[in-house]
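In what follows, a structure is listed as C-alpha cells, so that the remarks can point back to it.
2 protein chains.
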Amino acid sequence: MHEIGEAARLSGVKVETIRYYERDGVVPPPDRSASGRRLYDSAAVARLRFVKRSRDLGFSIADIKTLMALAPASGRACGDVKEIGERHLRDVRVKIADLLELEDALVALIHDCDSGRSDCPALRKLFAA
Amino acid sequence: MHEIGEAARLSGVKVETIRYYERDGVVPPPDRSASGRRLYDSAAVARLRFVKRSRDLGFSIADIKTLMALAPASGRACGDVKEIGERHLRDVRVKIADLLELEDALVALIHDCDSGRSDCPALRKLFAA
DNA sequence: CATGCATCCTGTAGCCACTACAGCTTCAAG
DNA sequence: CTTGAAGCTGTAGTGGCTACAGGATGCATG
Chain A
39 MHEIGEAARL SGVKVETIRY YERDGVVPPP DRSASGRRLY DSAAVARLRF VKRSRDLGFS
99 IADIKTLMAL APASGRACGD VKEIGERHLR DVRVKIADLL ELEDALVALI HDCDSGRSDC
159 PALRKLFAA
Chain B
39 MHEIGEAARL SGVKVETIRY YERDGVVPPP DRSASGRRLY DSAAVARLRF VKRSRDLGFS
99 IADIKTLMAL APASGRACGD VKEIGERHLR DVRVKIADLL ELEDALVALI HDCDSGRSDC
159 PALRKLFAA
C-alpha cells in the first residue's frame, strides 16, 4: 500500500493531479488509512499509469474514461479501443497537417524581416486588407 | 462606422470574441453611439483582422499584444517582430515533432487491434508495467 | 402607433486539464 | 518535544474563448 506521494512517483502522475482525477471520476476513490490518508494498492497505481500513458498519447479524459471502462470487458472491447485510437490518430494527423501549413506561413511571414528595417513586412502582411 | 455585428463579419472575429478582446485589452475600447452601442471605424476593423490573422497563425494573445504595440513603432520593431515569429516557429516545429512521434506511437498501439479479439493488445500496452 | 424580431448591452458561468494556493492535520526523525 | 515533510479539503486561477440570462435598442411591418 502506497501513500499518494509514492503513488505519484510510481505512476508519474502528480499528487494534485491524482486528487483531481479522483474528484473527476477518472479513477475510483482509494482506501483510506485510519487518519484519512489515501492508500493505493498496485492495481490502483497501474490504473494511474494507464491514465498517464493515455494522456501522454493525447487521449482526452473522456476517452480515457471509456478506455478504462473497456479494460475489464472482453469480446467487443478491442474493436471499440481500436475505434477510439483511430479517431484520435485521425485528429493527430489533421493537427500535423495544420501545423505544417502553419510552419510554411510563419516562414513566409518573417522571411524578409530584419532588425534594421523600419517598415516591417510581417506587420504589413498581418495588417493587409 | 460599423456596429459590432458588421465588424465581426468584416474581421472574421465573432461578436462575443470581440467583446472579450476589448475586456482583455487586446484591442482598445471603441467609440459608442448615443445609445451605447460599439462603433468601429476601419482602423478598428483592421486591428481586429490583425488579431484574427495572428491567432490563426497560432500566436498567443500575449504575443499579439506585443505585436500590436510594435505595429506603430519604427526602427527596432521589425527585429522584435522577427524574434517573436521565430520563437513561435520553433514552438510550432517542436509541436510537429512531438505529434509525429505521437502518430507513430498510436499506429503501434492499435496495430494489432481487431474487433473480434478478446485480449486487446492496446489495452495491454497501456496497462503494462 | 403598436408589435415583433434582430441585434445590441452587461455580467456571469462553463469548457479542458490541470495547477496553485491557504490553512489545517498527521507522521517520522532527531 | 520540536521540526519539517507530506498529507488533507476547498477554492481560485490558467488560456482563449463560448454560452447563457435578462434586459435595452432599432428597424420593418400592420
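Residue numbers (my numbering), protein chains in the order written: chain A, 39 to 167; chain B, 39 to 167.
Just so it is clear, CB atoms sit at the ideal spot from N, CA and C, and this is done for glycine as well.
On a predicted model such as this, the values are computed, not experimentally measured, just so you know.
- Per DSSP, residue 96 of chain A lies in no alpha helix (DSSP H) segment and is marked neither H nor E.
- Of all residues in the segment 132 to 146 of chain B, only 133, 134, 137, 138, 140, 141, 143, 144 and 145 come within less than 8 Å of chain A when Cβ atoms are compared, listed by chain position.
- A Cβ-Cβ contact shorter than 8 Å links residue 151 of chain B with residue 160 of chain B.
- Looking at the backbone, the Cα of residue 80 of chain B and that of residue 134 of chain B are separated by about 37 Å.
- With fewer than 16 neighbouring CB atoms inside 10 Å of its own CB, residue 52 of chain B falls in the exposed class.
- Residue contact with chain B for residue 124 of chain A: present (Cβ-Cβ distance below 8 Å to some residue of chain B).
- The alpha-carbon separation between residue 54 of chain A and residue 44 of chain B amounts to approximately 45 Å.
- Residue 58 of chain B counts as exposed, since fewer than 16 other C-beta atoms from the protein chains shown sit within 10 angstroms of its C-beta.
- Between residue 49 of chain B and residue 77 of chain B, the C-beta gap is not smaller than 8 Å, which leaves the two residues out of contact.
- Membership of residue 115 of chain A in the alpha helix (DSSP H) is indicated by the continuous run 115 to 148.
- Within 10 angstroms of the beta-carbon of residue 39 of chain A lie fewer than 16 other beta-carbons, which makes it exposed.
- Here residue 149 of chain B is exposed. Its C-beta has fewer than 16 other C-beta atoms within 10 Å.
- Taking 7 Å as the Cβ-Cβ cut-off, the segment 71 to 95 of chain B approaches chain A at 84, 88, 91, 92 and 95, given in chain order.
- Residue state for residue 61 of chain B is assigned as helix, using DSSP reduced to three classes.
- With contacts defined by Cβ atoms closer than 8 Å, residue 140 of chain A and residue 140 of chain B do not form a contacting pair.
- Under the DSSP assignment, residue 49 of chain B falls in the alpha helix (DSSP H) whose first and last residues are 42 to 49.
- Rounded to the nearest whole angstrom, the CA to CA distance from residue 72 of chain B to residue 60 of chain B is 19 Å.
- Within the DSSP bridge table, the entry for residue 70 of chain A names A:76 as partners.
- Counted as a single uninterrupted DSSP element, the alpha helix (DSSP H) harbouring residue 160 of chain A occupies residues 159 to 165.
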